[in-house]
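Numbering (this note's numbering), first residue to last: 1 to 623.
Quick reminder that beta carbons are idealized off the backbone N, C-alpha and C, glycines included.
Note that the coordinates shown come from a computational prediction; the quantities given were computed from them, not determined experimentally.
One structure is given below, encoded as structure tokens.
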Amino acid sequence: MSWGSELWDQFDNLEKHTQWGIEYVEKYTKFVKERSEIEINYAKQIRNLSKKYQPKKNSREEEESKYTFCRAFLTSLNELNDYAGQHEVIAENLTSQIISELSRYLQEIKTERKSHFHDGRKAQQHIESSWKQLESCKRRFERDCKEADRAQQYFEKMDADINVTKADVEKARQQAQMRHQMAADSKSEYSSYLQKFNQEQNEHYFQVIPNIFQKLQDMEERRIERLGVCMKTFADVDRQVLPIVGKCLDGMTTAAESIEPKTDSKQVVESYKSGFEPPGDVEFEDYGQAMKRTVSETSLSNSREAKEKPAGKSKGKLWPFIKNKNKLMSLLTSPHQPPPAPPASSPPSPSAVPNDPQSPKQQKEPLSHRLNDFMTSKPKMHCLRSLRRGGSGPEDFSHLPPEQRRKKLQGKLDELNKDIQKEMDQRDALTKMKDVYIKNPQMGDPSSVDPRLTEIGLNIEKLQSEVQKFEGWLAEVEERMPSKSDTQRRSIYETQNSTTVGNNCAQDRESPDGSYTEEQNSETQVKATINPIPTSTTPEFDDEFDDEETLPTIGTCKALYPFEGHNEGTIAVAEGELLYVIEEDKGDGWTRVRRNEDEEGYVPTSYVEVFLETNAKGAMTYI
């Protein structure tokens with residue numbers, strides 16, 4: 001159906017309808033714009049979410065990358081980031097393919113509609129003007145006819161009146177004839193204009209207006225068609241990114257399917273395996289038997305004497321989780337006897353008064369009890385000294401268990417070798433460049449390469465020295481790590497001899513390296529108390545701790561009484577002597593002091609007056 005033939009009299013309604021159609025396009029454009037903003041905000045939030053859960057740039061990231069589920073989650077985050085990018089593509093395509101196009105089209109359709117309705121109004125005004133002229137001619141013709149009738153009636157009246165002169169009658173006749181002529185002229189004019197108006201009206205309603213309405217109809221149909229195309233594009237924009245979105249989702253699925261619980265379980269072993277031996281069987285401690293200890297008897301002397309008996313040696317370390325060897329050193333070398341009371345002739349110090357709550361313990365504490373304290377403590381940090389030094393640990397990774405230390409050293413060696421290879425590649429490239437410059441001087445100065453070659457040579461030498469240093473540490477770790485055959489032999493020996501040591505006490509089986517020394521009879525114990533072995537004859541102990549740093553001083557002390565220091569691990573002091581304190585009393589009544597770099601040992605806490613530094617107190621506190 002055509003608007004021109006069916007809606008010839010609905011000019012105003014068509015004007016309202018086309019205006020509503022344009023407003024509807026604007027409404028849809030606004031809808032697409034808001035959808036685009038939603039896609040942009042959604043993509044931004046997805047990207048922020050992916051970035052928030054990305055692993056941080058620290059040592060933990062390297063640890064997490066070893067596990068399949070962590071790598072799968074990282075892959076999922078990366079795929080999610082790509083997924084967010086597709087929503088950004090949707091927003092961009094909506095803006096470029098729909099919003100921009102509709103905005104431009106709206107301007108065009110508004111201009112076209114304005115032009116069509118301008119022509120319609122002009123035609124409407126013209127037909128209305130013609131109608132007015134026709135009405136004016138009609139009224140004039142009607143008036144002239146009435147005037148002619150009145151003039152004719154007046155003439156007839158004058159002609160019938162005998163009292164009227166002939167001249168008056170003639171005048172009335174002439175007036176009537178003139179009015180009749182004017183009426184005839186008005187009729188002729190009215191008739192001609194009527195024909196003209198009818199022609200114009202026919203053209204208006206059958207040509208002009210239908211043509212304008214047809215243009216408006218075409219414009220409206222184009223608007224509707226364009227809106228349909230935009231709606232289809234709206235769906236196609238989403239459909240275009242579906243393959244890539246599907247790939248992102250497939251990537252997430254593949255990452256999830258790549259998770260291997262068994263592999264992650266093995267990685268836990270690789271990450272936390274210490275390389276220590278499991279502890280041997282704990283011997284029965286018969287406290288019902290009388291314990292006889294001489295003045296020179298210590299855990300170190302007994303264990304060192306027992307070391308000379310290879311048949312009775314069984315290593316089962318009790319401290320696989322102790323990370324700080326300073327504290328272990330102090331544990332093994334501190335005297336396990338109660339400190340002597342101050343001389344009776346001198347006034348007793350507050351710390352020497354019996355039953356005083358601040359006096360040191362006067363009872364023997366088995367080494368196994370002290371080791372249990374180490375075993376139950378959480379080794380989260382090494383000590384405050386390591387915190388003051390900064391970093392995660394010493395360069396040689398000596399704070400780590402053997403197996404982890406070996407892995408760290410091997411990883412460091414691999415990094416150094418890669419750096420060396422990189423430097424050598426640069427050196428080879430520069431050497432080739434120098435040869436080219438020598439053969440073709442116009443390309444460059446050969447001497448300009450020499451400083452860089454010298455720098456690279458120094459870097460290679462430095463890296464090679466680092467490699468030698470780490471290789472030495474690695475060889476040292478590998479030598480100390482026990483083999484499987486040694487472990488099996490020790491396990492068998494411990495099983496065979498576990499029934500022969502039921503009456504030995506805890507103090508008779510402590511050795512400096514943390515192993516149990518099995519004693520066959522009480523004679524060995526007596527030999528250990530009579531013939532103590534000097535500290536220098538225990539190479540295993542020395543090898544374990546000879547590279548340990550010197551303990552820092554945490555204060556000073558003044559000797560209140562002279563102390564002979566006969567027991568091993570103690571140091572002789574004179575009354576009034578000033579010494580450095582390197583370890584506080586741990587509750588056993590002994591304080592560790594130092595005279596110089598080579599002389600240090602334990603003195604009874606009640607024999608000295610301690611002055612701890614405020615900022616250094618607790619330097620040996622283990623967390």
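> When burial is assigned at 16 or more other CB atoms within 10 Å of the CB, is F155 buried or exposed?
Replying inline: buried
> Excluding the five sequence neighbours on either side, which residues of its own chain have a C-beta within less than 7 Å of the C-beta of E466, listed in chain order?
Replying inline: Same-chain partners within the cutoff: L416.
> Going by other Cβ atoms of all chains shown within 10 Å of its Cβ, with 16 needed for buried, is M1 buried or exposed?
Replying inline: exposed
> beta strand (DSSP E) containing E600: first to last residue?
Replying inline: Counted as a single uninterrupted DSSP element, the beta strand (DSSP E) harbouring E600 occupies residues E600 to P604.
> Do you know whose CA, among Q464, E79, S186 and E225, lies nearest K51's CA?
Replying inline: E79
> What is the rounded straight-line gap between the Cα of W8 and the Cα of P210?
Replying inline: 7 Å
> What residue does the beta strand (DSSP E) around E609 start on, and which one ends it?
Replying inline: V608 to L612
> Within this structure, are the beta carbons of G251 and T75 separated by less than 8 Å?
Replying inline: The answer is yes: Cβ separation under 8 Å.
> Among E15, W3, Q86 and E584, which has the Cα closest to the Cα of Y205?
Replying inline: W3
>> Could you give the first and the last residue of the continuous alpha helix (DSSP H) run that contains Y695?
In response: With the chain covering only 1 through 623, there is no way to say anything about residue 695.
> What separation, rounded to the nearest whole angstrom, lies between the Cα atoms of R179 and Q152?
Replying inline: Going by the C-alpha atoms only, they are around 8 Å apart.
>> Could you pull the DSSP bridge partners for R480 from this structure?
In response: According to DSSP, R480 bridges with nothing at all.
> Using the C-alpha atoms, what's the distance from L458 back to N93?
Replying inline: Distance between the alpha carbons of N93 and L458 is about 56 Å.
> Taking the C-alpha atoms as reference points, what is the distance between K484 and F397?
Replying inline: Note on K484: pLDDT 46, under 50, position unreliable in the model; the coordinate value appears next. Whole-angstrom Cα-Cα distance: 24 Å.
> Who pairs with V83 in a beta bridge, going by DSSP?
Replying inline: One detail in the question is off: residue 83 reads as Tyr in this sequence, not Val. DSSP lists no beta-bridge partner residue for Y83.
> Using the rule of at least 16 other Cβ atoms within 10 Å of the residue's Cβ for burial, across every protein chain shown, is Q19 buried or exposed?
Replying inline: exposed
> Between the C-alpha atoms of I554 and E257, what's the straight-line distance to the nearest angstrom?
Replying inline: 57 Å
>> Would I90 and E39 be called neighbours here (beta carbons separated by less than 8 Å)?
In response: At the C-beta level, I90 and E39 come within 8 Å of one another.
> DSSP on Y105, reduced to helix/strand/coil?
Replying inline: helix
> Just checking, does the segment 97-114 make contact with the segment 22-34 on the three C-beta pairs under 8 Å criterion?
Replying inline: yes
>> Which residue marks the beginning of the beta strand (DSSP E) containing W590, and which one marks its end?
In response: W590 to R594
>> I'd like to know whether the C-beta atoms of D280 and P401 end up nearer to each other than 8 Å.
In response: In the sequence on display, residue 280 carries Gly and not Asp. Not a contact, by the Cβ cut-off of 8 Å.
>> Between the segment 136-143 and the segment 184-192, can you find at least three pairs of beta-carbon atoms closer than 8 Å?
In response: yes
>> If you reduce the DSSP assignment to three classes, tell me which class V164 lands in.
In response: coil
> How many whole angstroms separate the CB atoms of S130 and E200, which I take to be in contact at a CB cut-off of 8 Å?
Replying inline: 5 Å
> Among Y602, P55 and K586, which residue has its Cα nearest to the Cα of V573?
Replying inline: Considering only Y602, P55 and K586, the residue with the shortest C-alpha distance to V573 is Y602.
> DSSP state of K215, grouped into three classes?
Replying inline: helix
>> Among E101, E34, K138 and Y83, whose alpha-carbon lies nearest the alpha-carbon of L49?
In response: Y83
>> With distance defined between alpha-carbon atoms, name the residue in P441, E403 and E583 nearest to E479.
In response: E403
>> Just to confirm before moving on: does the CB-CB distance between T605 and D585 stay below 8 Å?
In response: Yes, these two residues count as a Cβ contact at 8 Å.
> For M443, which residues from the same chain have a beta carbon less than 7 Å from its beta carbon, with the 5 sequence-adjacent residues on both sides left out?
Replying inline: V436 and Y437
> Could you give the distance in angstroms between the alpha-carbon of L249 and the alpha-carbon of A43?
Replying inline: As the crow flies, the alpha-carbon of L249 is around 16 Å from that of A43.
>> Going by DSSP in three states, E6 sits in which element: helix, strand or coil?
In response: helix
> Does DSSP put T111 in a helix, in a strand, or in coil?
Replying inline: Note: T111 maps to helix in three-state DSSP.
> So what's V229 in DSSP terms, helix, strand or just coil?
Replying inline: helix
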